[in-house]
């Protein structure tokens with residue numbers, strides 16, 4: 057398993073979500089969480105989320121590591137990072153570092169507001185239409201404003217340069233047992249469809265998550281508590297659904313098994 061991050065991810069950690077050492081360090085709202093990712097009810101990945109707010113920006117980093125037992129068969133270590141505004145959750149930067157067995161991929165992009173373009177690290181420039189969010193800024197927009205939105209609703213999303221729309225419905229209130237306590241959650245379901253003729257992904261091959269999201273009719277379900285905070289997410293449908301569930305709050309402890 058790779059343990060070293062690329063200079064791109066290091067740059068994000070040092071410049072977008074800094075923790076400075078000084079006599080009077082700034083107080084930065086920080087949320088560190090550990091999620092367990094399961095497939096067919098079997099735990100396969102640990103997902104560590106680092107969510108930070110600084111000034112008018114939010115930066116979230118997801119560090120996904122396969123559990124040691126499954127690493128004997130295929131190594132997976134995927135890192136996603138996204139920065140977006142606190143007011144309207146419009147994207148500013150996206151980055152990812154993918155290692156899925158023999159497949160590796162690096163990607164970064166900047167959302168340039170004056171030109172309304174997505175500036176990709178490869179040098180390409182793609183249109184960024186008004187109102188389009190990135191995958192993670194859209195998910196956290198739903199997390200933050202789930203109780204204020206009128207459903208059904210629609211979100212416009214850019215996925216690696218491709219234009220998609222997510223149709224979101226409210227499936228009602230659900231009681232879940234999370235981190236040992238029963239909590240009430242709002243249950244949302246988003247269904248993704250290509251938006252017009254601009255749904256071709258920037259890269260011919262991509263990671264498993266983005267591959268799934270750019271499949272017409274793919275679904276993402278979210279369970280959001282009153283914090284508000286996503287405590288469970290489900291990608292896909294039974295029997296092949298992948299479920300992510302919060303198992304520890306405000307910690308980033310690395311698991312060993």
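In our numbering, the protein residues as written are 57 to 313. We put the CB at the ideal spot given by N, CA and C, even for glycine.
Subject >> Within 8 Å, strictly: CB atoms of residue 204 and residue 240 >> reply: No, these two residues do not count as a Cβ contact at 8 Å.
Subject >> Run of the beta strand (DSSP E) containing residue 205, from where it starts to where it stops >> reply: Residue 205 -> no beta strand (DSSP E), and no H or E assigned at all.
Original post:
Counting along the chain, where does the alpha helix (DSSP H) carrying residue 126 start and finish?
Top reply: 124–127
**OP:** Flag this pair as touching only if the stretch 169–179 and the stretch 111–127 have three or more C-beta atom pairs under 8 Å; answer yes or no.
**Re:** no
Original post:
Is the Cβ-Cβ distance between residue 85 and residue 109 less than 8 Å?
Top reply: yes
Subject >> Presumed contact (8 Å Cβ cut-off) between residue 184 and residue 214, rounded CB distance >> reply: That belief holds up - the Cβ atoms of residue 184 and residue 214 are roughly 7 Å apart, short of 8 Å.
Original post:
Mind checking whether residue 89 and residue 290 have CB atoms under 8 Å apart?
Top reply: Cβ atoms of residue 89 and residue 290: not closer than 8 Å.
Original post:
Name the DSSP beta bridge partners of residue 110, please?
Top reply: Residue 110 is bridged to 113.
**OP:** Go through its chain and collect everything with a Cβ distance to residue 99's Cβ below 8 Å, but skip five positions before and after it.
**Re:** 92, 93, 123
Original post:
In chain order, what residues of the same chain have a beta carbon less than 6 Å from the beta carbon of residue 294, not counting five sequence neighbours either side?
Top reply: none
Subject >> Cβ neighbour criterion (16 or more within 10 Å) applied to residue 129 >> reply: Looking at its Cβ environment, which holds fewer than 16 other Cβ atoms inside 10 Å, residue 129 is exposed.
Original post:
Taking just the CA atoms, how far does residue 244 sit from residue 225?
Top reply: 6 Å
Original post:
Does the beta-carbon distance from residue 212 to residue 187 come in below 8 Å?
Top reply: yes
Original post:
For the beta strand (DSSP E) that contains residue 200, what are its first and last residues?
Top reply: From DSSP, residue 200 is part of no beta strand (DSSP E) but of the alpha helix (DSSP H) over 191–201.
Original post:
Taking the C-alpha atoms as reference points, what is the distance between residue 230 and residue 242?
Top reply: 6 Å
Subject >> Span of the alpha helix (DSSP H), counted from its first residue to its last, around residue 265 >> reply: 264–269
**OP:** Grab me the residues of residue 105's own chain with a C-beta within less than 6 Å of its C-beta, minus the 5 sequence neighbours each way, in chain order.
**Re:** 89, 118
**OP:** Check residue 236 in the structure and name its three-state DSSP category.
**Re:** Residue 236: coil per DSSP, three-state reduction.
Original post:
For residue 193 versus residue 140, is the C-beta distance shorter than 8 Å?
Top reply: yes
Original post:
Three-state secondary structure (DSSP) at residue 272?
Top reply: coil
Original post:
CA-CA distance, residue 222 and residue 249?
Top reply: 7 Å
Subject >> Spatial neighbours of residue 274 in its chain, beta-carbon cut-off 6 Å, leaving aside the 5 residues before and after >> reply: Same-chain partners within the cutoff: 248, 268.
Original post:
Once you ignore the five residues that flank residue 297 on each side, which residues in its own chain have a CB closer than 7 Å to its CB?
Top reply: 290, 291
Original post:
Secondary structure at residue 281, three-state DSSP: helix, strand or coil?
Top reply: coil
Original post:
Can you name, in chain order, every residue of its own chain whose Cβ lies under 6 Å from the Cβ of residue 299, other than the five neighbours on each side?
Top reply: Excluding positions up to five away in sequence, the list reads 94, 290.
**OP:** For residue 142, name the three-state secondary structure that DSSP assigns.
**Re:** coil
Subject >> Element boundaries [beta strand (DSSP E), containing residue 181] >> reply: 181–183
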